[in-house]
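S.K.:
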Amino acid sequence: MAVQTFKIPDSILEGMKYPFCPGCDHGVAIRLVAEVLDELGVREKAITAGSVGCSVCIYNLLNVDTIEAPHGRALAVATGVKRAKPDKFVFTYQGDGDFASIGLGESLHAALRGENISTICINNTTFGMTGGQLGPTTLIGQKTTTSPNGRTADIYGYPIKIAEHVALCGGTAFSARVSLDTVANIRKAKQAIKKAFQMQIEGKGFGFVEILATCPTNWKMSPQEAHERVRGEMAEVFAPGIYKE
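Just so you know, the sequence shown maps onto residues 408 to 652 in the working numbering.
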């Protein structure tokens, strides 16, 4: 029986300092993206449009060409790149605040146009990098630095269900929501990322994966408690699954 050994993906930049907080799921998500880039053989022609937020660290971690976008404009920048270089593999890696708050117009219209781009969106129900403010996916009752008494629908509205909204766009080829709270779900997340990337390779349109992830620092939880929240409170509101294929 062959023994499998741990290998750093070719799409990961070696020797870089890990930039995320202990227990943060960004590291796992980026590792999955790197593995899929390697397995599909698209690293050499990949270009990512970096967003603003914790996700901005991707250009220090992935061994691919990166262009930095203003806050919320990652998919607008990616659209320009893909139209100028249609032979390139173009993707964005964004947080929920970047994708679904300031960038909601750019995001949904890229899906409506059926841009042949792939997007990974991390949903951790908060603005993590800037101090834990209320974001578009903050749950009802969740306390943040800007909703210290908890989110209420009458004042702040309801959290947006991103994967479902993207699925409603006519140009979307694939939309799914996954999580990283267990090994089994990490494997499912990788399968979804690969499917979204394959949609672009096959020229079928916009591919999207929303990832339920932890933010232990701003949630004021241990990593274990944070993952329990993902598979409990978060999954009850944001049900994992494939919403369009």
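The C-beta atom is built at its ideal place from N, Cα and C for all residues, glycine as well.
1) Is the stretch 472-486 in contact with the stretch 513-528, if contact means three or more CB pairs nearer than 8 angstroms?
2) Excluding the 5 residues flanking Q501 on each side, which residues of the same chain have their C-beta closer than 6 angstroms to its C-beta?
3) Our contact map puts G612 next to G521 with C-beta atoms below 8 angstroms; I'd like the distance itself, whole angstroms only.
4) Report all residues from its chain with a CB closer than 6 angstroms to the CB of E571; omit the five preceding and five following residues, and keep chain order.
5) How is the beta strand (DSSP E) around N530 delimited, first residue to last?
6) Count the other CB atoms, across all protein chains shown, that sit within 10 Å of the CB of A580; report buried if there are 16 or more and exposed otherwise.
7) Residue ranges of each alpha helix (DSSP H) run of no fewer than 4 residues wholly in the stretch 443-506, ordered along the chain?
8) Just the C-alpha distance for K550 and Q540, rounded to the nearest angstrom, thanks.
9) Just the C-alpha distance for P630 and G610, rounded to the nearest angstrom, thanks.
10) Please classify K550: does DSSP put it in a helix, a strand, or coil?
11) Can you have a look at A583 and say buried or exposed, based on whether 16 or more other CB atoms are within 10 angstroms of its CB?
12) Between the Cα of V440 and the Cα atoms of T621, N625, K597, N531, which residue gives the shortest distance?
13) D505: buried (16+ other C-beta within 10 angstroms of its C-beta) or exposed?
14) Taking just the CA atoms, how far does D494 sit from M628?
15) If you run the structure through DSSP and keep just helix, strand and coil, what is L619?
16) For G612, which of helix, strand or coil comes out of DSSP?
17) Suppose the cutoff is 6 angstroms on Cβ atoms and the five residues either side in sequence are ignored; what does the same chain contact list for K601 look like?
18) In chain order, which continuous runs of the alpha helix (DSSP H) of length 4 or greater are located wholly inside the stretch 544-600?
19) Roughly how many angstroms separate the alpha carbons of E632 and E421, rounded to a whole number?
20) What residues are listed by DSSP as bridge partners for G648?
M.R.: Put simply:
1) yes
2) S458, S462, A481, C528
3) 4 angstroms
4) Y650
5) 525-530
6) buried
7) 481-491
8) 9 angstroms
9) 39 angstroms
10) coil
11) buried
12) K597
13) buried
14) 44 angstroms
15) strand
16) coil
17) V443
18) 560-563, 569-574
19) 30 angstroms
20) R584
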